[in-house]
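Here's the structure, in structure tokens; my notes come after.
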Amino acid sequence: MPDEHAAAALWWRISAHLSPAVAATTSHDLPVASTWTDTLQDLVGADVAAEMTGSPFWGALVTVVDHALARGHTLENLISHIPGREQDLDPCQGLVWRVSSLTTPPLGHDHGVDPFGRPEDADDASQQVPWAPTAAEIADLPALDEPAIDDTPDVPDPQKTPALGEPDQVEAAIVLAALQREHAEPLPPSEAMIQAQVARAIEADLSPVTPERIAALNELAADYYQRSLPGSWAQTYLLERLAGTDLTGHTEVRPGYAPAGWTALIDHLGGHGATDEELLAAGLATTTRDGRLIDRFRDRLILPFTRPGTHAGAGNGGVQVLGFVARRHPKFTDTTGGPKYLNTPDTVLFHKGAQLYTAGTEDLLRGGAVPVLVEGPLDALAITTATRGRHVGLAPLGTALTEEQAHQLATLSHANGAAPVVAADADLAGTRAAERAYWLLTQHGLTPDAVQWQAGSDPADTLARTGPDGLRQALEATSPLSQLLLTDNLAQEVAGLEALRRAAAVAAAGPTDGWDAGTQQVADAMNLPLPVVRRELAKALRERAHDPRAVTLAQSRPRHPARQAVAPPPEVVSRTPAAARTPEPTRDIGPSR
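Here the sequence shown stands for residues 0 to 592, numbered as in numbering that gives the first Met the number 0.
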């Protein structure tokens, strides 16, 4: 502003933006009226109406109100806020300013002569538009009447996904995603996982029986079960299921047997000072309907699941026994013997969805052993024993694979550099479990492979039927799980935009060296131009990069009946009779001290 006449200069600057009604008053010598002036008393009262009509700004108010009514405003809204007397302001003048501001759109910067002497063509950075395209960018835009890529599907896009543009932009996005995949790491724990861990910590703090005490009781129970195994049916059964491999006395696997008596373990632990409350809190005992305390596990093969490291209450070289999984006698049914597998219930030490049963040591996994995800603990033992520790079996405990278990497996796989293998059972439930595992693991940057068993079989069955050589050959003949799922999806969904997006999502989660073949497979199966499929792949990759957990949640929901597993080629399966096989050594599972 100039040092002299600052107010005049400011008025010159703003007066051009004021409507004539606001910038000047009118003479009140002539009466001014309009169609709405007769209703003014009803809206504001007789006294205020008289004061307004006597104001020197009355004519200006009539003008701006008429303009506002013509633009669709209502009289009630325009006259609703009249300045009070305590504001020391003419009510008519205040309304003129208010209505003018409502009806006058904001204008741009001044043009023409500047009162401070600046030239008209002075460079004003505030008037530049930083987002305006350059001439070169405009020249690169595709023609309006020619789409960059022919969108064959006519189904409208419900996601409103922005187009990627030219094919070279699509390919650039795919290349970028491949480079990012090379540096993929496990996702950080989700909010739900963190909240669950906090809740468990609070539960442990408030529990009358500490996790350390439960671990000590579990260690005593594991020793008791181990000593009960020799001579039991459980020892014979385990020997048969593992094709002659005897794990009796193995200090890492620690198989055992729960005697058939009602209170065998309770009596044993009671002699070591265990109370009823502690046995119930540890999940080693349960109560009958009449309130009597009995053993939870009776007449069952026992396998402990453990956590390595130095923990209070741990034994056996610092390995902490978290709980047990117990297999019923094979001659019994659900009606006569209860569930096939019975696990330790949730305690302050063990949480069913938070741990994986591992048939081997962490040293094996750190040394590069391939983790193999199976459905049950006996399958896990079959994997580890048959491969002599080159593969390590892992299994969920009484539940489908959880987010927390997948995070554990992803951490192990990234640490040893070995992609996991999914070896689910060859049945409907197993195929669904494999698909769920695919989405839970790929969100952590893993590209799992898969094993195909003969219809209705599993790893333990394969080991018992074909011996270690047959199981090893099956594990060596793996295929990318993404390839199997993509083929399955295309066999059941071959039309529509949703099917295309589903197939693109499966391919995007798979290994980068399979993207070219995968998109060509989709294009051929759905009779679509390859550029259309490539663009959907690029979109799927972008969505995974933005929020991989959201993609996992959306894709892991069952959408159709799962395919039946396909038997491997005949040459993959060994036909060696079980009786002719030599028992395999057990030293490679872990040190048997």
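Glycine included, each C-beta is placed from N, C-alpha and C at the ideal position.
Being a predicted model, the structure only gives us computed values, none of them experimental.
- Annotated three-state conformation of Leu292 is strand, per DSSP.
- Here the segment 395–409 does not lie against the segment 483–494, with fewer than 3 beta-carbon pairs under 8 Å apart.
- According to the DSSP assignment, Asn342 belongs to the beta strand (DSSP E) that extends over 340–342.
- Nearest C-alpha to Leu496 among Thr384, Ala522, Ser478: Ala522.
- A check of alpha carbon separations from Leu241 across Leu396, Ala459, Pro528 identifies Ala459 as the nearest.
- The DSSP-derived three-state label of His390 is strand.
- When Gln520, Asp65, Pro370 are compared, the shortest CA-CA separation from Ala414 is found for Pro370.
- Here Leu536 is actually not in contact with Ala494; their C-beta atoms are around 18 Å apart, not less than 8 Å.
- Under DSSP, Thr285 takes part in a beta bridge, and its partners are Ile293.
- Just measuring C-alpha positions, the residue of Tyr223, Arg306, Gly290, Glu202 sitting nearest Gly270 is Tyr223.
- For the options His390, Thr461, Arg556, Ala544, the alpha carbon positioned closest to that of Tyr437 is the one of Arg556.
- Exposure of Thr34 is indicated by the presence of fewer than 16 other C-beta atoms within 10 angstroms of its C-beta.
- Closest in C-alpha terms to Ala476, from the list Asp546, Pro510, Thr286, Val421, comes Val421.
- Between Pro329 and Arg533, the alpha-carbon positions lie close to 52 Å from each other.
- Taking C-beta separations shorter than 8 Å and ignoring five residues to either side along the sequence, the partners of Val347 in its chain run Arg199, Glu202, Ala203, Ser206, Val208, Thr209, Pro210, Ile213, Ala280, following chain order.
- If you look at Gln451, you'll find it isn't in any beta strand (DSSP E); DSSP assigns it neither H nor E.
- Within a 10 Å sphere around the beta-carbon of Ala553 sit fewer than 16 other beta-carbons, which makes this residue exposed.
- Secondary structure of Leu302 (DSSP, three-state): strand.
- Glu374 and Leu341 have their C-alpha atoms roughly 14 Å apart.
- Judged by DSSP secondary structure, Thr357 falls within the beta strand (DSSP E) whose first and last residues are 356–358.
- Between the alpha carbons of Thr244 and Leu380 lies a gap of roughly 10 Å.
- Put simply, the segment 291–303 does not touch the segment 183–192. Fewer than three CB pairs are less than 8 Å apart.
- Burial check for Ala432: the Cβ neighbour count within 10 Å reaches 16 or more, so the residue is buried.
- Short of 6 Å from the beta carbon of Gln92, and not among the five residues preceding or following it, lie these beta carbons of its own chain, in chain order: Phe56.
- In the structure shown, the three-state DSSP call for Gly322 is strand.
- Take Leu77, set aside five residues on each side of it, and the residues of its chain with a beta-carbon closer than 7 Å to its own are Val64, Ala67, Val98, in chain order.
- Leu372 places its beta carbon less than 9 Å from that of Ala423.
- In the DSSP assignment, Ser555 forms no beta bridge with any residue.
- Counting along the chain, Leu496 sits inside the alpha helix (DSSP H) bounded by residues 496–508.
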